[in-house]
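Just so we're on the same page, our numbering is the position in the sequence shown counted from 1, plus 71.
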Amino acid sequence: MNEFFTIPATSVSVVARPDVCVIGGGAAGIAAAVGAARCGLKVLLIEKYGFCGGATVAGLSGTICGLYSSGDRPQRIVFGFAGEFHDRLAHLCGAGHPTRFGRTLLVPHDSFVWKEVADSYLRDEGIEVLYHTNFVAAYSEGERVSTLIVRAPEGLRAIRPSAVIDASGDAEVVHSIGARTSMGRDGIVQTPTMIFRLGGVDMARFMNLDQGEICTQVAEADRSGAYRLPRHHVHLFPMPMGREVLCNMTRITFPDGSVPLGISGADISFAEMEGRLQAREYARFLKDKIPGFQKSYLVDTGTQVGIRQSRSLVGKKRLSNDDVLQARKTVGAVSFSAWPIESHGAGDLKITYLEDDTYDIPFETLIPLSGSNLLVAGRCLSAEHEAMASARVTAQCFGMGYGAGAASALMLKEGINSQQLTGVDVARWMHDHHLKTSEEA
72 MNEFFTIPAT SVSVVARPDV CVIGGGAAGI AAAVGAARCG LKVLLIEKYG
122 FCGGATVAGL SGTICGLYSS GDRPQRIVFG FAGEFHDRLA HLCGAGHPTR
172 FGRTLLVPHD SFVWKEVADS YLRDEGIEVL YHTNFVAAYS EGERVSTLIV
222 RAPEGLRAIR PSAVIDASGD AEVVHSIGAR TSMGRDGIVQ TPTMIFRLGG
272 VDMARFMNLD QGEICTQVAE ADRSGAYRLP RHHVHLFPMP MGREVLCNMT
322 RITFPDGSVP LGISGADISF AEMEGRLQAR EYARFLKDKI PGFQKSYLVD
372 TGTQVGIRQS RSLVGKKRLS NDDVLQARKT VGAVSFSAWP IESHGAGDLK
422 ITYLEDDTYD IPFETLIPLS GSNLLVAGRC LSAEHEAMAS ARVTAQCFGM
472 GYGAGAASAL MLKEGINSQQ LTGVDVARWM HDHHLKTSEE A
């Protein structure tokens, strides 16, 4: 039986009336804030941590995925704001060399430098930010999201924005107003991962290791019973400073094989604790068995467990599995990608590559069916389960966010609602305001 407690009515002071409020400071959120600010809007960014970065920093995914093509000779194909952010990282020695990920490339990055670069964007573009502030609820007047309630260090506060961009990763605003969402494939989502860093590695020896052989040894060690290593397809990457290795190795499920949900407090609490146990076990295995790791030590895990998938928007359009697999193109797309379908299930990791081709992400996948002044950006876009496993990565989140930021300006300055937006119109607006798309260097 569910028990409820009614909270007494209370007054909450209004602390801001921005043109646009962005919820979430991950790759999509910082890009959305910058895109809107460059169109002349007054922007407020709400972020629960004391820094921007989302899953790639707090979750320590530590890599920019989605910049390169797939095939025998991967080439840089994504530019725009994603390229701009990468170049700022590189200028501060915070981006490593492109590193092989199967048949494509990714770029390891330094988390502290990422935070610095994000802060510099907030300052340079005149974006107001409230760190250590959690989204609580959204309220609507008719079809318009009129009020956001947040919990700041001072307590509950209200924000009255003209437009809202939900870059929470969990479609928190969309869910709060009762708009339609979905959850993976019939409620089953991709598995979380606790990523960790190892110091004290002999980097010269590490760079000569066969990562396929490491995977084989992981599987053998797990089957032997000497170690508990539930995930056998693992990835290790050199960090930019050349002294640490980033380890994407763990797979977190409940003992019965079910997958914890990132929107459940009990589930994510289990995932955090289980993730740290697994990180220690994988670090022990590497130290014991893999050349170059004999003097290694566990530096740290992510601030939070890495969540790949939770709620997704049910939007005006949906990115389908066939859209990805058939490399479909869309006029007025908000971004495009060659990143594989990287599907982390409870049983194993399945990767399906797009060979020498790309697919487009329609702008309309960012438009909810409710909320006339609401857009989303990032991994909560409207997409099928497998399609999400490709579109959710960093470079594409940058593109979606930047496009959503520009679209919010188009909405407000032209006096239209989100349902009237089209990708073609947004692309034209970006061109007219000299905002580079993902394709433009």
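Here a beta-carbon is modelled for each residue, glycine too, at the ideal position from N, C-alpha and C. Note that the structure is a prediction, hence the values are computed from the model and not measured.
Straight-line gap, residue i to residue j (C-alpha atoms, nearest Å)
i	j	result
Q288	R144	28 Å
L483	R231	14 Å
R88	L177	39 Å
M254	Q365	42 Å
D419	I259	14 Å
G377	K400	30 Å
P69	G165	Lying before the first or after the last residue shown, residue 69 is absent from the chain, which here runs from 72 to 512.
A186	V200	Ala is not the amino acid found at residue 186; the sequence shown has Lys there. Roughly 13 Å separates the two Cα atoms.
G125	E74	34 Å
R499	G476	14 Å
E343	V495	42 Å
Y473	F152	7 Å
G363	H203	39 Å
R302	A512	38 Å
R228	Y210	13 Å
Q380	L112	30 Å
E118	H246	18 Å
G333	I339	6 Å
E155	G240	22 Å
R194	R171	34 Å
L357	P309	15 Å
S489	L396	29 Å
D257	I101	31 Å
A223	G442	24 Å
H157	H504	22 Å
F183	G213	42 Å
Burial state of residue i (16 or more Cβ within 10 Å)
i	result
L390	buried
V85	exposed
R294	exposed
I323	buried
V402	exposed
L348	exposed
H162	exposed
N444	buried
A297	exposed
H168	exposed
T81	exposed
R109	buried
As assigned by DSSP and simplified to three states, the class of residue i
i	result
K400	coil
A417	coil
T465	helix
Y368	strand
Y353	helix
N488	coil
F122	coil
T127	helix
F183	helix
P319	Residue identity differs from the one stated: residue 319 is Asn in this sequence, not Pro. Correct three-state label for N319: strand.
R159	helix
F267	strand
C286	helix
L193	helix
F308	strand
S217	strand
L437	helix
R379	coil
R347	helix
6 Å CB neighbourhood of residue i in its chain, flanking five on each side removed
i	result
T423	P411 and I412
H306	N319
I78	none
Q467	G137, S406 and S408
A103	V93, I236, A238, A448, G472, A475 and G476
R299	E352
Y120	A129
D273	G363
T374	A129
Own chain partners of residue i with C-beta closer than 8 Å, once the 5 adjacent residues on each side are dropped
i	result
G386	E435, T436, L437, I438, P439, L440, V447, L452 and S453
S191	R159
Distance between beta carbons of residue j and residue i, contact taken as under 8 Å
i	j	result
F267	T134	With 8 Å as the limit, F267 and T134 do not qualify as a contact, their Cβ atoms being about 14 Å apart.
A350	Y139	Not confirmed; about 28 Å, so no contact.
S414	Q261	7 Å
L433	K360	First, the amino acid is wrong: residue 433 is Pro here, not Leu. About 46 Å; that fails the 8 Å criterion.
E426	G142	6 Å
Cβ-based neighbour list, residue i, same chain, cut-off 7 Å, excluding 5 preceding and 5 following
i	result
R251	V385 and L440
G271	K366, S367 and Y368
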